[in-house]
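Before any comments, here is the structure.
Number of protein chains: 2
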Amino acid sequence: MKNKYQFAQEIIREAGHFIKSKMDHYIHVEEKTQFDDLVTNLDKETQELLISKIKNCYPEDNVFAEEDDIRHPINQGNVWVLDPIDGTVNFIVQGDHFAIMIAYFEAGVGKFGLIYDVMRNLLYCGGGEFPVCVNGRPLPEYEEKPFNRSLLGTNACMYADNYHGIRDLAKQTLGVRVYGGAGISMAQVMAGQLLGYFSHIQPWDYAAAYIMGKKLGYTLLTLDGHPVDFNSRQTIMFIPQAKLTEIKKYIK
Amino acid sequence: MKNKYQFAQEIIREAGHFIKSKMDHYIHVEEKTQFDDLVTNLDKETQELLISKIKNCYPEDNVFAEEDDIRHPINQGNVWVLDPIDGTVNFIVQGDHFAIMIAYFEAGVGKFGLIYDVMRNLLYCGGGEFPVCVNGRPLPEYEEKPFNRSLLGTNACMYADNYHGIRDLAKQTLGVRVYGGAGISMAQVMAGQLLGYFSHIQPWDYAAAYIMGKKLGYTLLTLDGHPVDFNSRQTIMFIPQAKLTEIKKYIK
C-alpha cells in the first residue's frame, strides 16, 4: 500500500505541473448541462494523464472519474476516484483556487486520499493507515472550538436559501466563506480553518476528504444525517464528528 | 513621492514580518461592538508599529487608522490611511486570508495604495503616478469580460438578502465568492479574478483599492451610485467603470 500511496503523490504532483504548464495557453471551455456548468480541455487531458499512469502501473485497477462517465462502482475491487480539476469555474475565471483530487478504495474501503491545491502547491494527503499531512507536515485531529470562534464553508445558494437550516447554523458562527471548490474548502476544514463544509456535490468531489477526514475526526453525511452513497450528487456536510449533535440542532 | 512610495512598501512588508513572527504565539482577542466584531493585540501593535515608523520619518504627516479612533480628515494635509489587519476574523480563525493596507493622500488626492496579502506574500501596490503591480509585476487595466464568464465578491448577508439587487446581479454571473476580507477581495478584482466586490465597509477598508483601482479602470461607489465619503461605514461596490451601466440594471 505504501508504494501505491507514494505513486499517487507522484502522479498528482505531475498532473499539477501539467496543468500549470498548459494553463497560460489556450483553454477551451465547453458548457455541460447549463451556462455555469463548465469543463475545459485541461479537465479532460489531466484526467487522461492520470488514468494512463494508473493503467500503466496497475492494469487490473478500476477508475471512477468526473469526465466522460467513467463510473466503476466504488465497492468492487480496487478503485481510483479522480477529479482532475475541482473548482473548474475558479480555474477558468481566476486561474487559481482549484484542486486535483484522488481517492483510492479496495472493496469499498478507503485506503488514502489526496487533495492538491495546485497554485499554492499544497498537497493534503493521507487516511487509512497513513497520517494526514500537508506537504509532509502532519495535521492534528479536530480540536474543540465553539461556534462563535468558527467559520463555515458553504455553497452560496444553500446559505442564501437557508437550505436545511444552514443560515441558522451560520448565525451561531463568525460567518460563512464561499470558495467555490469542494477540495480547497474541505482541505480547510481538515486544517482547522473552517468548522465544516456544506454543499451539493458528487462522489469525486468528496471521496478524498471522506477518507482523510475519517482519520482526523471528521464525518461526511447527507444533510438529513445519512451516509453518502458514492453514486449520485447529494447535499452533504463535512463536519467534526464531535460537533454532530450540536450541528443537528440547526441542520434539520 | 517616489521615496515615500518606496518607504510605504518597506514598512508594509516589515509589518507583515512582524505579524508572522508573533501570530503563532498568544493572540489576545477582544470583542468590539458584538461577538463577531473582533480585534486582537496584533491589530493594535501592528498599527502602532506603522504609525511610529511614519511619524519618525514624516513627523508633519497625519494618520487615519482603524484602531483607537485615529481620524484625521482625509482631505486635510498629508494623510496615511492604515488598516493594520484587514480580515481580522480570518486572521484569528484561519491564520490566513488577511491583509495589511496603506493608502496615502495629499489634500484629498490619492497618491498611492498598498494591499499586502501577508500569508501569500503578495504585495499589490501603485496608483497615482505609479503603475499598479503585484510583487513588481504590472497588472493590466480592466479587460472586458461578460457576466457569464465572471465571479462576484460579496458580503454574505448582502448576497443572501438580495440587498440592492446583489443576488439578481449574481444570477447573471458564474456565482459569488465570499472571502471575508475587503483587501484580499478588492485585490482579486484588480487581478481580474473577480468582476467586482460588494460590501459594507469603512474608509480604511477601501482607501487603498480606491487609489489603485482608479489607475486600472475601476470605480468605487456606494450602492446607490454616489462617491464614497471617506468618513463613515457605507455599502459600496468596487467595479469596472466600463461595466457601471450594465451593473446598474440590477443594482438599484
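Chains A and B are the protein sequences, given in the same order. Counting from 1 along the first sequence, just add 4 to a position and that's the residue number in the working numbering. Counting from 1 along the second sequence, just add 4 to a position and that's the residue number in the working numbering. We put the beta carbon where it would ideally sit given N, CA and C, even for glycine. Note that this is a predicted model, so its numbers are computed, not measured.
| Check | Outcome |
| --- | --- |
| By the 10 Å Cβ neighbour count, where 16 or more other Cβ atoms means buried, how is residue 129 (chain A) classified, buried or exposed? | buried |
| By the 10 Å Cβ neighbour count, where 16 or more other Cβ atoms means buried, how is residue 180 (chain B) classified, buried or exposed? | buried |
| Distance check for residue 228 (chain A) and residue 206 (chain B), CA to CA, integer angstroms please. | 40 Å |
| Nearest CA to the CA of residue 46 (chain A): which residue from A:87, A:65, A:66? | A:87 |
| Of all the CB atoms in chain B, is at least one closer than 9 Å to the CB of residue 100 (chain A)? | yes |
| Where does residue 142 (chain B) land, buried or exposed, given buried means 16+ other C-beta within 10 angstroms? | exposed |
| If you scan the stretch 158 to 225 of chain B from start to end, which runs of the alpha helix (DSSP H) of 4 or more residues do you find wholly inside it? | 160 to 164, 170 to 175, 186 to 194, 207 to 220 |
| When the cut-off is 9 Å and only beta carbons count, does residue 193 (chain A) lie next to chain B? | no |
| Would you kindly work out how many angstroms separate the C-alpha atoms of residue 13 (chain B) and residue 241 (chain A), rounded to a whole number? | 42 Å |
| Evaluate residue 70 (chain B) with the Cβ neighbour count: other Cβ atoms within 10 Å of its Cβ, from every protein chain shown; 16 or more gives buried, anything less gives exposed. | buried |
| Are the CB atoms of residue 50 (chain A) and residue 31 (chain A) within a distance shorter than 9 Å? | no |
| Shorter than 9 Å from the beta carbon of residue 174 (chain B) to some beta carbon of chain A? | yes |
| Quick one: does residue 58 (chain B) have its CB under 9 Å from some CB of chain A? | no |
| To which residues does DSSP link residue 120 (chain A) through a beta bridge? | A:104, A:127 |
| Cβ of residue 94 (chain A) less than 9 Å from any chain B Cβ? | yes |
| Which same chain residues, not among the five before or five after residue 65 (chain B), have their C-beta less than 8 Å away from its C-beta? | 58, 59, 81, 82, 83, 84 |
| Residue 180 (chain A) touches chain B at which residues, Cβ-Cβ below 8 Å? | 160, 182 |
| With DSSP as the reference, identify every bridge partner of residue 114 (chain B), one or two as the case may be. | B:109 |
| Do residue 199 (chain B) and residue 244 (chain B) have their C-beta atoms within less than 9 Å of each other? | yes |
| Please classify residue 239 (chain B): does DSSP put it in a helix, a strand, or coil? | strand |
| In three-state terms, what does DSSP make of residue 82 (chain A)? | strand |
| What is the DSSP secondary structure of residue 66 (chain A), counted as helix, strand or coil? | strand |
| Mind pulling the beta strand (DSSP E) runs of 3 or more residues that sit fully within the stretch 128 to 154 of chain A? | 134 to 138 |
| Any contact of the stretch 18 to 29 of chain B with the stretch 172 to 191 of chain A, i.e. 3+ C-beta pairs under 8 Å? | no |
| I'd like to check one pair, residue 95 (chain A) with residue 211 (chain A): are the Cβ atoms closer than 9 Å? | no |
| Tell me, please, whether the CB atom of residue 202 (chain A) is closer than 9 Å to any CB atom in chain B? | no |
| Go through its chain and collect everything with a Cβ distance to residue 134 (chain B)'s Cβ below 7 Å, but skip five positions before and after it. | 9, 116 |
| Counting only beta-carbon separations shorter than 9 Å, does residue 237 (chain B) have a partner in chain A? | no |
| What's the gap between the Cα of residue 231 (chain B) and the Cα of residue 140 (chain B)? | 30 Å |
| In three-state terms, what does DSSP make of residue 97 (chain B)? | helix |
| Below 9 Å between beta carbons: does that hold for residue 152 (chain B) and residue 173 (chain B)? | no |
| How is the alpha helix (DSSP H) around residue 249 (chain A) delimited, first residue to last? | 248 to 252 |
| Look up residue 37 (chain B) in the DSSP assignment and give the residues it is bridged to. | Per DSSP, none; premise fails for residue 37 (chain B). |
| Give me the subset of the stretch 39 to 54 of chain B whose CB atoms are less than 7 Å from a CB atom of chain A, sorted by chain position. | 39, 40 |
| Determine the closest residue to residue 254 (chain A) out of A:99, A:166, A:41, with distance taken between C-alpha atoms. | A:166 |
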